[in-house]
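Here is the structure we will look at.
Protein chains: 2
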Amino acid sequence: MTQTVQLLGISNAIVDVLAHVDAEFLDSIGAPPGSMTLIDENQARELYSKMGPATEMSGGSVANTVAGFANLGGSAAYIGKVHDDQLGAIFNHDMQSLGVDIRLAPATEGAPTARSHILISADGQRTMQTYLGACLGLALADITAASVGKPKAILLEGYVWDIAEGPALAREAAKIGRQNGTAVSLSLSDSFCVERHRDSFVEFLQNDVDIVVADEDEIHALLGTDNIEAAVKKLAAYEDKLFAVTRSEKGSIIIHGDVTIEQAAVKVDKLVDSTGAGDAYSAGFLYGWANDRSLAECARYGTHCATTVIQQVGARVEKGLLDNYS
Amino acid sequence: MTQTVQLLGISNAIVDVLAHVDAEFLDSIGAPPGSMTLIDENQARELYSKMGPATEMSGGSVANTVAGFANLGGSAAYIGKVHDDQLGAIFNHDMQSLGVDIRLAPATEGAPTARSHILISADGQRTMQTYLGACLGLALADITAASVGKPKAILLEGYVWDIAEGPALAREAAKIGRQNGTAVSLSLSDSFCVERHRDSFVEFLQNDVDIVVADEDEIHALLGTDNIEAAVKKLAAYEDKLFAVTRSEKGSIIIHGDVTIEQAAVKVDKLVDSTGAGDAYSAGFLYGWANDRSLAECARYGTHCATTVIQQVGARVEKGLLDNYS
């Protein structure tokens, strides 16, 4: 029988390859600082051959959130596709060692486990070049009553729409969720991703989504707004839906119908690496939500987790994410 | 034609799997804190299943030194055996991206690339559980005039003696080196390794070695001494051989016949992870030596590199190791 958990993540299962680079390097590969670009296997090989020494650790946006959620003490499960190779084993180990229930077996055919080359600039900004590999094999058939189970919430990511069967499997997950009283949440991934799939996201939001976690740029891309006040007004019109909008050093705003909560950011001495800030915020926010905390407390959890993760290299915090929470 | 370099490393090619653990974890696996234990594939699988989330980066003692040497700007080459798998590709990439000339092709048969599970305690001490895998296939036949070339120095590590053909291939490398005026240097790896192979090390030292880099425990294990004064006296008796002995917070001592140079350690605010301190010292010391610096300057380089590496997680420093050197 499928284990019942608080949160089920469905997303691209990726191992990060992290290296520091200078502005000239980003320029030489034609990557706008802060962007996420999808690359193919040949491009990945060429990029890697140009990169300096790197560190490998499990990544993937919603996968990071699921890991963070489990790190906080929440019960979690995960649906994503790795290949039966060493990076796939690393990805699954890092999840399972946190108690996350891995729902799919590694693929024994097809492309290798996905890698995201995360190029960290001196100012802590990260530019991603992602080879999706085995993730592209995630299929509608992987989403079943058994694999989804009856979690309190499902979390999908916008990047799933970059997979051929992504939109269909997202709808299927939402359908199964609705039958079980599961909340459906969506992380918007990045503003370029929103541009790629705006119409589909809007439709999915209207029909299937209960909770959206996103940064301000993503929200503007979704709504066609250009200032936070206009965006908040539009989000408030979705009366029963819950939005958590992160704004970097400006903090975050929670919108739930006519309730709006502003949470300030925490000043940090040194921004080491912004990788995973939004993912960590989502982990804290959803952990609070799944444990029936007030929305204000959810925002404080999210802020604490994001503040912790940007003061280290990489998107996941190895030790207790709630350490030093007060 | 083989590229001529300053330093050729010959050692176990290993990818580190780094995780923080508590004292109970070390106790539960029966590992004395600070030790290096060789484990087989099944033990590696079992240990990994118990470990928390980890980070992967290229490692291996002399491999770290070679990477550090190249990071400092030295020209370097490397002989070690990885498998043709993802971890092997990571190991070779991290070397080649620093300009290190990889002399052997990955093995297409046999065991996977070696992994060292590095368990970091709260006090920064590291306990290693190493699965040698593909390293065990490094063979006498891999050491040829073509693969060795004519470097200014060869650097071997004591751990090579844990490989079946290790002692033979070390002697062969030294023999080829002697024919070309190459200095033969040896890192003693760890005191348990010295215990395992003492007689062979003493013989190799007397017949083949010009430079030894080691920590104080290793030197005592080699010489049967129990205080630094007695050790220095014995090392000074090897008139033409050069010894660099590291002593953690007590600094280091260089001994070359009747010349003894003491170098103080640099105080650090926080010891993050002692992994690779000795390897980094060796990189700095040999870089100075290969560039004809005074022995005092060599010791200062070594100290600078070790001080840098213990203030971060992992054995390799991604960016310029000479940054902040003064």
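Protein chains in written order, with our numbering: chain A, 98 to 423; chain B, 98 to 423. The beta carbon of each residue, even a glycine, is placed where N, CA and C say it ideally should be.
Where residue i sits in the DSSP three-state scheme
i                         : result
threonine 322 of chain A  : coil
valine 114 of chain B     : strand
glutamine 303 of chain A  : helix
serine 213 of chain A     : strand
glutamate 415 of chain B  : coil
alanine 327 of chain B    : helix
glutamate 262 of chain A  : coil
aspartate 239 of chain A  : helix
glycine 72 of chain B     : No information on residue 72 of chain B is available, as it lies outside the stretch 98 to 423 that chain B covers here.
glutamine 360 of chain A  : strand
arginine 200 of chain A   : coil
aspartate 376 of chain B  : helix
glycine 157 of chain B    : coil
glutamine 222 of chain A  : coil
threonine 400 of chain B  : helix
isoleucine 126 of chain A : coil
tyrosine 256 of chain A   : helix
Cutoff 9 Å: residue i Cβ touching any chain B Cβ
i                        : result
tyrosine 175 of chain A  : no
glycine 149 of chain A   : yes
arginine 413 of chain A  : yes
histidine 117 of chain A : yes
Amino acids of chain A, ordered along the chain, whose beta-carbon sits closer than 9 Å to that of residue i
i                        : result
tyrosine 145 of chain B  : Ala186, His190, Ser194
aspartate 182 of chain B : Asp182, Gln183
Per-residue contacts from residue i into chain B (C-beta, under 8 Å)
i                      : result
serine 282 of chain A  : Within 8 Å Cβ-Cβ: nothing; serine 282 of chain A doesn't reach chain B, min ~23 Å.
alanine 164 of chain A : Pro150
Neighbour list for residue i in chain A, Cβ cutoff strictly below 8 Å
i                        : result
glutamate 153 of chain B : Thr152, Glu153, Met154, Ile187
Residue i versus residue j - alpha carbon distance
i                            : j                         : result
glutamate 394 of chain B     : threonine 99 of chain B   : 30 Å
valine 356 of chain A        : alanine 242 of chain A    : 34 Å
glutamate 121 of chain A     : alanine 128 of chain A    : 10 Å
aspartate 323 of chain B     : isoleucine 358 of chain B : 20 Å
glutamine 409 of chain A     : glutamate 262 of chain B  : 42 Å
lysine 367 of chain B        : isoleucine 351 of chain A : 38 Å
glutamine 222 of chain A     : valine 406 of chain A     : 13 Å
glutamine 183 of chain B     : glutamate 153 of chain A  : 11 Å
alanine 270 of chain A       : tyrosine 256 of chain A   : 15 Å
alanine 116 of chain B       : glycine 149 of chain B    : 7 Å
asparagine 168 of chain A    : arginine 142 of chain B   : 23 Å
aspartate 78 of chain B      : leucine 123 of chain B    : The question about residue 78 of chain B has no answer here: the residues shown for chain B are numbered 98 through 423.
valine 245 of chain A        : alanine 164 of chain B    : 46 Å
leucine 320 of chain B       : serine 125 of chain B     : 33 Å
asparagine 277 of chain B    : tyrosine 398 of chain B   : 27 Å
phenylalanine 166 of chain B : alanine 403 of chain B    : 12 Å
alanine 396 of chain B       : isoleucine 136 of chain B : 34 Å
Residue-level contact to chain A via CB, residue i, 9 Å cutoff
i                      : result
proline 203 of chain B : no
proline 209 of chain B : yes
Beta-carbon proximity of residue i to residue j, cut-off 9 Å
i                         : j                        : result
alanine 265 of chain A    : leucine 237 of chain A   : yes
leucine 233 of chain B    : serine 284 of chain B    : no
leucine 302 of chain A    : lysine 249 of chain A    : no
threonine 224 of chain B  : valine 310 of chain B    : no
isoleucine 215 of chain B : valine 159 of chain B    : no
aspartate 198 of chain A  : valine 112 of chain A    : no
valine 342 of chain A     : aspartate 312 of chain A : yes
leucine 332 of chain A    : arginine 200 of chain A  : no
histidine 180 of chain A  : alanine 219 of chain A   : no
leucine 383 of chain B    : serine 282 of chain B    : yes
alanine 267 of chain B    : alanine 110 of chain B   : no
alanine 412 of chain A    : glycine 156 of chain A   : yes
histidine 401 of chain A  : valine 363 of chain A    : yes
alanine 318 of chain B    : valine 291 of chain B    : yes
threonine 372 of chain B  : threonine 227 of chain B : no
isoleucine 187 of chain B : leucine 229 of chain B   : no
alanine 334 of chain B    : glycine 348 of chain B   : no
leucine 235 of chain B    : lysine 272 of chain B    : no
alanine 377 of chain B    : glycine 171 of chain B   : no
Query raised in the report: What residues in the segment 334 to 354 of chain A have a beta carbon less than 7 Å from any beta carbon of chain D?
Result: Within the model displayed, chain D is absent; protein chains A and B are what it includes.
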